[in-house]
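Each remark here refers to the structure printed beneath this line.
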Amino acid sequence: MKTLYSLRRFYPVETLFNGTLALAGRDQETTGFAWWAGNARLINLSGKLLGAHVAHAGLIVFWAGAMNLFEVAHFVPEKPMYEQGLILLPHLATLGWGVGPGGEVIDTFPYFVSGVLHLISSAVLGFGGIYHALLGPEILEESFPFFGYVWKDRNKMTTILGIHLILLGIGAFLLVFKALYFGGVYDTWAPGGGM
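Each residue of the sequence shown is one higher than the last, beginning at 2 in the working numbering.
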C-alpha cells in the first residue's frame, strides 16, 4: 500500500546551533523565533526591520535596472518585441518613450537612461539598507520617535499602511497626469497607432 503523506511532518525539526554566532537579542531563546522565521526575529528591532525592507527594495530596483539594460543590449529593432522575449521594454514603450509615429521603437536611449537611473537608485537603497541593518539605531523609537511603532497599536499600524497607500496613489496620479498632459500613453489598439 502506498503512503500518501510524508512521515517527516511527525518528527521535530532540529538545526545546528552555535551559541557563539548568535547575537544578543536576536537568537531563538530571546525572540521566540528561529532563524528561518525571517523578519519575525526583528519584530522588536524597528531599525533593523527598516534596514531589511530598504535593502529588499534595493534588490528589486537593481533587478529592474539590470534587466532593463540587458534587454536594451539585446534589442533588435528589426524584430517585434514579442518575438524577442522582452518583458520590460514593451512596458516602457507604452509610455511613448522612443516610439516613432508608426509605432516602432526608433530610439533606445530613454530605455538606457531608465536602466541606469534604476541602478543608481538601487545603490542608494542598498547603502541605506546596509546602514540601517548594521550601523543605524536598532530601535527607531529611541532616536526618532515619529518612526517608532508598537505592533499592537492599531492606530500606528493603520497610519503606516495609510501613508504607503497615499504614496502609491500619488504615483498612480502622476501616471495619469503624464498620460493626460505630458506625451500621452501609447496604445497599440488605438486608430493610427495611438499617441
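Just so you know, even glycine gets a beta-carbon here, dropped at the ideal spot from N, CA and C. Being a predicted model, the structure only gives us computed values, none of them experimental.
query                                                                                     : result
C-beta atoms of L87 and E72 nearer than 7 Å                                               : yes
Distance between T95 and L181 (C-alpha atoms, nearest Å)                                  : 14 Å
Residue from L120, E30, A41, H75 whose Cα sits closest to the Cα of F65                   : Strictly speaking, residue 65 in this sequence is Ala, with Phe absent from that position. Cα-wise, what sits closest to A65 is L120.
Buried/exposed call for R42, threshold 16 Cβ in 10 Å                                      : buried
Reference P138; option with closest CA among S47, E30, T31, N40                           : S47
Own chain residues within Cβ distance below 7 Å of V55, not counting five before or after : L126, G129, G130, H133
Exposure of S144, with buried meaning 16 or more beta-carbon neighbours within 10 Å       : exposed
Alpha-carbon to alpha-carbon, Y112 and L93                                                : 7 Å
Beta-ladder partner(s) of V100, from DSSP                                                 : V106
Option nearest E142 by Cα separation, candidates V151, L135, L136                         : V151
For P78, the first and last residue of its enclosing alpha helix (DSSP H)                 : Note, P78: premise wrong, no alpha helix (DSSP H); not H, not E.
Beta-carbon separation (whole angstroms), G99 vs I107, contact threshold 8 Å              : 6 Å
Selection from F63, L162, G103 that minimises the alpha carbon distance to S115           : F63
Of the listed residues V177, L90, N45, G184, nearest to N69 (C-alpha basis)               : L90
7 Å Cβ cutoff, L60 in contact with chain E                                                : Protein chain content of the structure displayed is limited to a single chain, and chain E is not contained in it.
Backbone secondary structure at Y1 - three-state DSSP                                     : Summary: the structure shown does not reach residue 1, with the chain confined to residues 2 through 196, and so no result is reported for it.
Beta carbon of F147 nearer than 7 Å to that of T109                                       : no
C-beta atoms of A58 and N40 nearer than 7 Å                                               : no
Nearest neighbour of K49, chosen from P78, I140, R155, T160 [CA to CA]                    : I140
L89 in three-state terms, based on DSSP                                                   : coil
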